[in-house]
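A.B. asks: Protein chains in written order, with this note's numbering: chain G, 782 to 978; chain Z, 782 to 978.
From the three backbone atoms N, C-alpha and C, an ideal C-beta is built for every residue, glycine too.
This is the structure, below, for whatever I ask next.
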DNA sequence: TTATTATTCGAATGATGGGTCGAATATTAA
DNA sequence: TTAATATTCGACCCATCATTCGAATAATAA
């Protein structure tokens, strides 16, 4: 009857494994992380990992899904109609930066891993939906901001790529001190980005 | 005595191999490109590759070096003292974009591969010097531009990360039509980036 | 206590893929 | 034509994994 505790413990062990995986990924890079090493870091035998995950693939699919989900959930509450979509846009980027700074290993993985992943399992990986939502949200904010003359007018997709690049570049380039960047992004956007032509 | 032709032919074959490697890298991603497949695409037996390159590693070190070198050389002539460092900055980004569009596979590799590479061979890889030069050049232009009120004043390293991110984002995100981006970058910078606070 | 279920892991399996060998086969020089 | 020299490659070798097995060992239920 204490199946409840069992489940919780199992869940906890899965999380432990995921943390280990993340840490190995960060050290060695996705492609050079071995199950052995992940197991070792989690204090398990390699075979035990397979008691918790069907495959290596399932491990980082889980990471991707949980990661994107929590990223989305962290952002969600900030998506509201305000008088200033530009401000909302900035607030969201700040929140994103904050989350990244909170758990570097995870989010570096989220943002870089998909690049080097083999085209994935035929189907849309589940985490894509969150990425798409985030994309669309930001896109919409940009368009609204343009309407209100809070951003210069230009192809919104391109602008998203550009401003997304700003985020990506400031947060992830260089092995710098981090932490600073939360505000740095806001400062950059305020200082550098015009409101209209 | 016709050693000259020999050398040329050998060089040509090396280039063929490199092209094949690039094409496989693009299809499968660095880590999933096999020597077999590269050989196949170049119409050679796997063993033959080793007649031209010491190792897989040497192949993409060659790519990295040649690539960065040509990138640098393509840019070099545009680095001149002008009245407008901001304009020079933009011109260089345009030229970079142009080169990338000219040979996508190569430059995607240049910009993404180092990320997923295992910390490399202990020593600074030779291509780093070109990357550093480019970095310093852009950094200096940004600082000069700030001095002349052509950019708002802010930590120049951060600004470089941000504007580098703009470039990266606009050029590499999405499997879009490309080509547009050469001008798009200029337009974005002119439209969105202030000259001073 | 005993049957049942949950965990764990050492050892084996199998596939993949980088790198090597030695024997061909061209090419060129003598 | 013959002895180098340059190229090419099929067949191996071997290390590195992901993944699976089967046998323990612990926990829980009966």
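Classify residue 801 of chain G as buried or exposed, calling it buried when 16 or more other Cβ atoms lie within 10 Å of its own Cβ.
C.D. replies: By one-based count along the first chain, residue 801 of chain G stands at place 20. Buried, since its Cβ has 16 or more Cβ neighbours within 10 Å.
A.B. asks: Taking CB distances under 7 Å as the criterion, tell me whether residue 977 of chain G reaches chain Z.
C.D. replies: On the first chain, position 196 is the one that residue 977 of chain G refers to. Taking Cβ atoms only, chain Z never reaches closer than 7 Å to residue 977 of chain G, which makes this a no.
A.B. asks: Can you find at least 3 beta carbon pairs, one from the region 837-853 of chain Z and one from the region 873-893 of chain Z, that sit closer than 8 Å?
C.D. replies: yes
A.B. asks: Give me the DSSP bridge partner(s) of residue 974 of chain G.
C.D. replies: As a position in the first chain, residue 974 of chain G is number 193, starting the count at 1. Partner(s): Z/974.
A.B. asks: Do residue 947 of chain G and residue 946 of chain Z come within 7 Å of each other at the CB atom, strictly closer than that value?
C.D. replies: As a working note, residue 946 of chain Z is residue 165 in the second chain. As a working note, residue 947 of chain G is residue 166 in the first chain. It is a contact, given that the beta carbons lie within the stated cut-off.
A.B. asks: Could you tell me whether any Cβ in chain G is nearer than 7 Å to the Cβ of residue 974 of chain Z?
C.D. replies: Walking along the second chain from the start, residue 974 of chain Z turns up at place 193. By this cut-off, residue 974 of chain Z is an interface position.
A.B. asks: In chain order, what residues of the same chain lie with their CB nearer than 6 Å to the CB of residue 871 of chain G, ignoring the 5 residues before and after it?
C.D. replies: For the purposes of this step, residue 871 of chain G is taken as the residue at position 90 of the first chain. Here the set comprises 967 and 970.
A.B. asks: To the nearest angstrom, report how far apart residue 896 of chain G and residue 954 of chain Z are at their CA atoms.
C.D. replies: Locating residue 896 of chain G in the first chain gives position 115, counting from the first residue. Locating residue 954 of chain Z in the second chain gives position 173, counting from the first residue. Approximately 11 Å between the Cα atoms of the pair.
A.B. asks: Does DSSP put residue 854 of chain G in a helix, in a strand, or in coil?
C.D. replies: The residue labelled residue 854 of chain G in the question sits at position 73 within the first chain. Looking at residue 854 of chain G - three-state DSSP - the assignment turns out to be helix.
A.B. asks: Given this structure, state the Cα-to-Cα distance separating residue 940 of chain Z from residue 836 of chain Z, to the nearest angstrom.
C.D. replies: Reading the second chain from its first residue, position 159 is the one you call residue 940 of chain Z. Reading the second chain from its first residue, position 55 is the one you call residue 836 of chain Z. Answer to the nearest angstrom: the Cα atoms are 39 Å apart.
A.B. asks: Where does residue 935 of chain G sit, in a helix, a strand or coil, going by DSSP?
C.D. replies: Translated into the one-based positions of the first chain, residue 935 of chain G becomes position 154. Of the three classes helix, strand and coil, the one that applies to residue 935 of chain G here is coil, per DSSP.
A.B. asks: Which residue comes first and which comes last in the alpha helix (DSSP H) that contains residue 910 of chain G?
C.D. replies: Sequence index remark: in the first chain, residue 910 of chain G carries index 129 (1-based). Unbroken alpha helix (DSSP H) run through residue 910 of chain G: 909-928.
A.B. asks: Can the beta-carbon of residue 973 of chain Z be found less than 7 Å from the beta-carbon of residue 875 of chain G?
C.D. replies: The count along the second chain starts at 1 and reaches residue 973 of chain Z at position 192. The count along the first chain starts at 1 and reaches residue 875 of chain G at position 94. With respect to residue 875 of chain G, residue 973 of chain Z sits apart: the two C-beta atoms are not nearer than 7 Å.
A.B. asks: Look up residue 860 of chain Z in the DSSP assignment and say whether it is helix, strand or coil.
C.D. replies: In the second chain, counting from the first residue as 1, residue 860 of chain Z sits at position 79. Per DSSP, reduced to three states, the secondary structure at residue 860 of chain Z is coil, with no helix or strand assignment.
A.B. asks: Closer than 9 Å between beta carbons: that is the criterion. Which residues of the region 925-945 of chain Z meet it against chain G?
C.D. replies: 932, 933, 934, 935, 936, 938, 939, 940, 941, 942, 943, 944 and 945
A.B. asks: Rounded to a whole number of angstroms, what is the C-alpha to C-alpha distance between residue 880 of chain G and residue 910 of chain Z?
C.D. replies: As a working mapping, residue 880 of chain G is identified with position 99 in the first chain. As a working mapping, residue 910 of chain Z is identified with position 129 in the second chain. Roughly 34 Å separates the two Cα atoms.
A.B. asks: Run through DSSP, which three-state label would residue 961 of chain Z get?
C.D. replies: By 1-based counting over the second chain, the position of residue 961 of chain Z is 180. Three-state result, residue 961 of chain Z: coil.
A.B. asks: Among Z/915, Z/820, Z/893 and Z/831, which residue has its Cα nearest to the Cα of residue 858 of chain Z?
C.D. replies: For this step, residue 858 of chain Z is matched to residue 77 along the second chain. With distances taken between Cα atoms, residue 858 of chain Z lies closest to Z/915.
A.B. asks: Going by DSSP in three states, residue 906 of chain G sits in which element: helix, strand or coil?
C.D. replies: Start at 1 with the first residue of the first chain, and residue 906 of chain G comes out as number 125. Coil, per DSSP.
A.B. asks: Answer with yes or no whether the minimum CB distance from residue 965 of chain G to chain Z is below 7 Å.
C.D. replies: As a position in the first chain, residue 965 of chain G is number 184, starting the count at 1. Output row for residue 965 of chain G: interface = yes.
A.B. asks: How many angstroms separate the CA atom of residue 797 of chain Z from the CA atom of residue 845 of chain Z?
C.D. replies: Working through the second chain from its first residue, we reach residue 797 of chain Z at position 16. Working through the second chain from its first residue, we reach residue 845 of chain Z at position 64. Looking at the two C-alpha atoms, the distance is approximately 16 Å.
A.B. asks: Distance, Cα to Cα, residue 866 of chain G vs residue 919 of chain G?
C.D. replies: In the first chain, the residue the question calls residue 866 of chain G occupies position 85. In the first chain, the residue the question calls residue 919 of chain G occupies position 138. The straight-line gap from Cα to Cα measures roughly 10 Å.
A.B. asks: Please confirm if residue 788 of chain G has its CB atom under 7 Å from at least one CB of chain Z.
C.D. replies: In the first chain, residue 788 of chain G corresponds to position 7, counting from 1. False, the Cβ-Cβ gap to chain Z never drops below 7 Å.
A.B. asks: Go ahead and pull the three-state DSSP assignment for residue 782 of chain Z.
C.D. replies: Reading the second chain from its first residue, position 1 is the one you call residue 782 of chain Z. Low local confidence applies: a pLDDT of 49 at residue 782 of chain Z is under 50, so the model's placement there is unreliable, and no value is given.
A.B. asks: Looking at C-alpha atoms only, which residue of Z/949, Z/943 and Z/799 is the closest neighbour of residue 963 of chain G?
C.D. replies: Here residue 963 of chain G refers to the residue found at position 182 when the first chain is read from its first residue. Restricting attention to Z/949, Z/943 and Z/799, the CA atom closest to the CA of residue 963 of chain G is found in Z/943.
A.B. asks: Between G/785, G/832, G/937 and G/841, which has its C-alpha nearest residue 746 of chain G's C-alpha?
C.D. replies: This structure gives no information on residue 746 of chain G, because the portion of chain G shown stretches from 782 to 978.
A.B. asks: Looking at the C-beta of residue 951 of chain Z, does it have a partner C-beta in chain G at a distance below 7 Å?
C.D. replies: As a first step, residue 951 of chain Z is located in the second chain; it is residue number 170 there, counting from the start. Yes, because at least one Cβ of chain G sits closer than 7 Å to the Cβ of residue 951 of chain Z.
A.B. asks: Helix, strand or coil for residue 849 of chain G per DSSP?
C.D. replies: Position 68 of the first chain, counted from the start, is the residue given in the question as residue 849 of chain G. Of the three classes helix, strand and coil, the one that applies to residue 849 of chain G here is helix, per DSSP.
A.B. asks: Within 10 angstroms of the Cβ of residue 863 of chain G, are there 16 or more other Cβ atoms? Answer buried if so, exposed if not.
C.D. replies: In the first chain, residue 863 of chain G corresponds to position 82, counting from 1. Residue 863 of chain G is exposed by the Cβ-count criterion.
A.B. asks: Under DSSP, the alpha helix (DSSP H) around residue 835 of chain G begins and ends at which residues?
C.D. replies: For the purposes of this step, residue 835 of chain G is taken as the residue at position 54 of the first chain. Residue 835 of chain G -> no alpha helix (DSSP H), and no H or E assigned at all.
A.B. asks: According to DSSP, is residue 828 of chain Z part of a helix, a strand, or is it coil?
C.D. replies: The sequence position of residue 828 of chain Z within the second chain is 47, counting from 1. Here residue 828 of chain Z sits in helix by DSSP.
A.B. asks: Is the beta carbon of residue 937 of chain Z within less than 6 Å of some heavy atom of the ligand MN?
C.D. replies: Absent from the structure shown: the ligand MN. Ligands present: none.
A.B. asks: To be precise: take each residue of the region 801-818 of chain Z, compare its Cβ to all Cβ atoms of chain G, and keep it if any distance is under 8 Å. Which residues remain?
C.D. replies: 809, 810, 811, 812 and 813
A.B. asks: When DSSP labels each residue in this structure, what does residue 815 of chain Z get in the three-state scheme?
C.D. replies: As a position in the second chain, residue 815 of chain Z is number 34, starting the count at 1. In this structure, DSSP gives residue 815 of chain Z a state outside helix and strand, which the three-state scheme calls coil.
A.B. asks: Terminal residues of the continuous alpha helix (DSSP H) containing residue 882 of chain Z?
C.D. replies: In the second chain, counting from the first residue as 1, residue 882 of chain Z sits at position 101. For residue 882 of chain Z, the enclosing alpha helix (DSSP H) has its first and last residue at 866-883.
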